[in-house]
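Notes follow once the structure below has been shown.
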Amino acid sequence: MKTLKYILALYIVLQGVVATAQERPAWVQAKPSSMIYYTGVGMAKKSDKDYMKVAKQHALSDLISEIEVEISSNSLLKKQEVNFKYSESFAQEIKTQATANIEQYELVDTWSNRNEYWCYYQLDKQTYEQIVADRINTAVRKAYDAWTSGNSLLDGGKVSTAAEMYCKGLDYLAPYLNKNLTVSHQGQTIDIASELYKSVSTVFDGLAIACEPAEITMVPMQNNKQSIAVGVWKNNVPVRDVKLFAQFTKGDGSVAQPVLTNSNGVTEIVVEGITSKLANQTIKVGLDATSFGRLNSDYLQELLANATSRFPYTTISIKAETTPIRAFLCTTEGGDENIVNGMTQYVANYFDLVADEASADYKILITSEFKIGRKVQGELYDMVEIFATGTITIADLTNNTVLTSFGVNNLRSLAPGHDSEAKVRNTAAREVIKKLKPEFSKKMKELNLSPRTSQTLEREDVVVDPNMPHYEE
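Residue numbers for the sequence shown follow the working numbering, so the first one is 41 and each next one is one higher.
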């Protein structure tokens, strides 16, 4: 009797399963395939927030995935291919944009049960092709107008504005760079994408940059600003409204970025000071490529970077006067030697480190602390928490004052739990040093440091409190 009841109950359950399966429409059980339509099916759990909207997004993404992105052999993407990864990422870029801009799709059906919501959309393939063709025609027309406007601006000597216009034209074409984008110009058929890229690549050809003076002398860590005139010409004609950049390529210091060139093609660079004690230092001066156009496509940005890497530049040579600035470096007991050693090497780029405080101009205290925290469970192996602290205090031995104190407090990092303590400490030290170095460089640019004179040798020792307030990251 019990067996009969069991069989009867099992039969009822199986009947329910079969009935549920039969209730599901064919398009839920298997995605439809069509020669006429792109199709997309999406599902969302009813427990999800805005589940109907989520299911629709999934369906449209599914629909878009059917659209193949073919790359024409005559397209800019093919002609100027940087490497294979850009072909792949560009195809994904096109599909992503298509998902955002898709239109004239149709809702075919929906289905739901207690837990799930399904929807089925389709898009007529011919309709989609016509939409894309219309968009390409509009983009090509706008790009052509931008190109001809850029040519007119360039003829008028407005180099940077012309470059901006060329970049604007490329942005119009960004979603369609896999296509052969031709247009009629003066009785000839031209590829407007290639013409725009060529124009961007050559807009600064014939450009020359010169500095006066090209060589200066400065004292490290002194507020001794120097101004340098910079001229820009294209084929011996002054170029106005061009933005330049200036940066140290050897040594270190502060340099104010120049403003746009004036009507004579001239601007000014102000070197506000040097902090490195290298005898010979260099500042590179060149065109600021970011000033004339930001391209929305990653692929175009890469092409632009290749083009701008050929831009001209000049250099300013700086000779540093060799008056040494001496520092006595000390640490607290029980500190982390990895942090101390790493920062000591970096400090030596700015100071001559001496062995006794009496012969020093400045006193530098490095404090450090290291603590191991709890274990953190990981997917492959357990990790261990590390909390590291590192501070740097700089005191002026001339007038017995603390100039600055900064650092990081209890910086948390993780290391594999099976590592030795020495390796764990080294991991933590690297993270602290990574934070301290740029802050130290920043402070050196802010401080006006100079060597002591012979009259200031008699003074009381400066006491630096390691517990004083300090900068926390």
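A virtual CB, placed ideally from N, CA and C, is assigned to each residue, including glycine.
Answer yes or no: the CB of residue 302 versus the heavy atoms of the ligand FMN, is any distance below 7 Å? The ligand FMN is absent from the structure shown, which contains no ligand whatsoever.
Classify residue 356 as helix, strand or coil using the three-state DSSP reduction. Your numbering for residue 356 matches position 316 in the sequence shown. Reduced to three states, the DSSP call for residue 356 is strand.
Residue 263 classed as buried or exposed, judged by whether at least 16 other C-beta atoms fall within 10 angstroms: Stepping through the sequence shown from its first residue, residue 263 is reached at position 223. Its Cβ having fewer than 16 others within 10 Å, residue 263 is exposed.
Starting from residue 171, follow its DSSP beta bridges and name the residues at the other end. Looking up residue 171 in the sequence shown gives position 131. BP columns for residue 171 are empty, so no partner.
Same chain, Cβ closer than 8 Å to residue 58, five either side skipped, listed in chain order: Mapped onto the sequence shown, residue 58 falls at position 18. Since pLDDT at residue 58 reaches only 44, below the 50 mark, its modelled position is unreliable, and the value read off the structure follows with that caveat. So no residue of the chain qualifies.
Output the boundary residues of the beta strand (DSSP E) element that contains residue 234. Your numbering for residue 234 matches position 194 in the sequence shown. From DSSP, residue 234 is part of no beta strand (DSSP E) but of the alpha helix (DSSP H) over 232–242.
Tell whether a beta-carbon distance below 8 Å holds between residue 183 and residue 217. Here residue 183 is taken as the residue at index 143 of the sequence shown, counted from 1. Here residue 217 is taken as the residue at index 177 of the sequence shown, counted from 1. Taking 8 Å as the Cβ cut-off, residue 183 and residue 217 do not qualify as a contacting pair.
The beta strand (DSSP E) with residue 453 in it runs from where to where? For the purposes of this step, residue 453 is taken as the residue at position 413 of the sequence shown. Run containing residue 453: 441–456, per the beta strand (DSSP E) assignment.
Beta-carbon spacing of residue 402, residue 367 below 8 Å: The residue given as residue 402 occupies position 362 in the sequence shown. The residue given as residue 367 occupies position 327 in the sequence shown. Against a cut-off of 8 Å, the Cβ pair of residue 367 and residue 402 comes out as a contact.
Since residue 355 contacts residue 379 with CB under 8 Å, what's their CB separation in whole angstroms? The sequence position of residue 355 within the sequence shown is 315, counting from 1. The sequence position of residue 379 within the sequence shown is 339, counting from 1. 36 Å between Cβ atoms; not a contact.
Backbone secondary structure at residue 487 - three-state DSSP: Taking the sequence shown and counting its residues from 1, one reaches residue 487 at position 447. Residue 487: coil per DSSP, three-state reduction.
Taking the alpha carbon of residue 71 as the reference point, which residue from 290, 161, 450, 244 has its own alpha carbon closest? By 1-based counting over the sequence shown, the position of residue 71 is 31. Proximity to residue 71 across 290, 161, 450, 244 peaks at 161, based on C-alpha coordinates.
Judging by CA-CA distance, which residue of 360, 487, 431, 456 is the nearest neighbour of residue 477? By 1-based counting over the sequence shown, the position of residue 477 is 437. Among 360, 487, 431, 456, the Cα nearest to that of residue 477 is on 431.
Throw me the rounded Cβ distance for the residue 269 and residue 295 pair, which I believe falls under 8 Å. The count along the sequence shown starts at 1 and reaches residue 269 at position 229. The count along the sequence shown starts at 1 and reaches residue 295 at position 255. About 14 Å separates the CB atoms of residue 269 and residue 295; that is not less than 8 Å, and the two are not in contact.
Is it the case that the region 200–219 contacts the region 268–286, given that we only count it when at least three CB pairs across the two stretches are under 8 Å? Yes, since at least three Cβ pairs between the region 268–286 and the region 200–219 fall closer than 8 Å, the two stretches touch.
Reference residue 254, options 353, 451, 147, closest by Cα: The residue labelled residue 254 in the question sits at position 214 within the sequence shown. Of the listed residues, the one whose Cα sits closest to residue 254 is 353.
For residue 288 and residue 321, I'd like the C-alpha separation in whole angstroms. Position 248 of the sequence shown, counted from the start, is the residue given in the question as residue 288. Position 281 of the sequence shown, counted from the start, is the residue given in the question as residue 321. In this structure, the alpha-carbon of residue 288 lies about 8 Å from that of residue 321.
Count the other CB atoms within 10 Å of the CB of residue 242; is the residue buried (16 or more) or exposed (fewer)? What you label residue 242 is simply residue 202 of the sequence shown in a count that begins at 1. By the 16-neighbour rule on beta-carbons within 10 angstroms, residue 242 is exposed.
Where does residue 188 land, buried or exposed, given buried means 16+ other C-beta within 10 angstroms? The residue given as residue 188 occupies position 148 in the sequence shown. In this structure residue 188 is exposed. Its beta-carbon is surrounded by fewer than 16 other beta-carbon atoms within 10 angstroms.
Less than 6 Å between C-beta atoms, sequence neighbours within five positions excluded: which residues of the same chain meet that for residue 186? Along the sequence shown, one-based indexing puts residue 186 at 146. For residue 186, where only same-chain residues beyond five positions count, the Cβ hits under 6 Å are 205, 208, 209.
DSSP state of residue 108 mapped onto helix, strand, coil: Looking up residue 108 in the sequence shown gives position 68. Coil, per DSSP.
Using CA coordinates, which residue listed in 433, 376, 265 is at the minimum distance from residue 443? To locate residue 443, count along the sequence shown from 1; it is residue 403. Minimum Cα distance to residue 443 is reached at 433.
Unbroken alpha helix (DSSP H) run spanning residue 379, endpoints: The residue you call residue 379 lines up with position 339 of the sequence shown. Unbroken alpha helix (DSSP H) run through residue 379: 377–387.
Residue 260 vs residue 365 beta-carbon contact at 8 Å: The residue given as residue 260 occupies position 220 in the sequence shown. The residue given as residue 365 occupies position 325 in the sequence shown. Taking the C-beta atoms as reference points, residue 365 is found nearer than 8 Å to residue 260.
Where does residue 301 fall in DSSP's three states? Translated into positions along the sequence shown, residue 301 becomes position 261. The answer is coil: DSSP assigns residue 301 none of H, G, I, E or B.
Unbroken stretches of the beta strand (DSSP E), 3 residues or longer, contained in the region 268–302: Within the region 268–302, the beta strand (DSSP E) runs of at least 3 residues that lie entirely inside it are, in chain order, 284–290, 293–296.
By the DSSP assignment, the alpha helix (DSSP H) with residue 400 in it spans what residues? On the sequence shown, position 360 is the one that residue 400 refers to. Going by DSSP, residue 400 is part of no alpha helix (DSSP H) at all; its letter is neither H nor E.
Inspect the beta-carbon positions of residue 116 and residue 234 and report whether they are closer than 8 Å. Walking along the sequence shown from the start, residue 116 turns up at place 76. Walking along the sequence shown from the start, residue 234 turns up at place 194. Against a cut-off of 8 Å, the Cβ pair of residue 234 and residue 116 comes out as a contact.
Helix, strand or coil, according to DSSP, for residue 306 in the structure here? Taking the sequence shown and counting its residues from 1, one reaches residue 306 at position 266. DSSP places residue 306 in the strand class (E or B) of the three-state scheme.
If you compare alpha carbons, which of 301, 312, 363, 445 is closest to residue 491? In the sequence shown, the residue the question calls residue 491 occupies position 451. Nearest option by C-alpha distance: 363.
Could you check which residue in 372, 219, 84 has the C-alpha nearest to that of residue 96? Walking along the sequence shown from the start, residue 96 turns up at place 56. It is 84 whose Cα lies nearest to the Cα of residue 96.
Since I believe residue 171 is in contact with residue 219 (beta carbons under 8 Å), could you give me their beta-carbon distance rounded to a whole number of angstroms? Position 179 of the sequence shown, counted from the start, is the residue given in the question as residue 219. Position 131 of the sequence shown, counted from the start, is the residue given in the question as residue 171. With 8 Å as the limit, residue 219 and residue 171 do not qualify as a contact, their Cβ atoms being about 14 Å apart.
Classify residue 318 as helix, strand or coil using the three-state DSSP reduction. What you label residue 318 is simply residue 278 of the sequence shown in a count that begins at 1. Looking at residue 318 - three-state DSSP - the assignment turns out to be coil, as it is neither helix nor strand.
Assuming residue 157 is part of the beta strand (DSSP E), what are its boundary residues? In the sequence shown, the residue the question calls residue 157 occupies position 117. That run of the beta strand (DSSP E) goes 156–164.
Would you mind stating whether residue 481 and residue 292 have Cβ atoms separated by less than 8 Å? Locating residue 481 in the sequence shown gives position 441, counting from the first residue. Locating residue 292 in the sequence shown gives position 252, counting from the first residue. A contact, by the Cβ cut-off of 8 Å.
Since residue 423 contacts residue 457 with CB under 8 Å, what's their CB separation in whole angstroms? Translated into the one-based positions of the sequence shown, residue 423 becomes position 383. Translated into the one-based positions of the sequence shown, residue 457 becomes position 417. Rounded, the Cβ-Cβ distance is 6 Å, consistent with contact.
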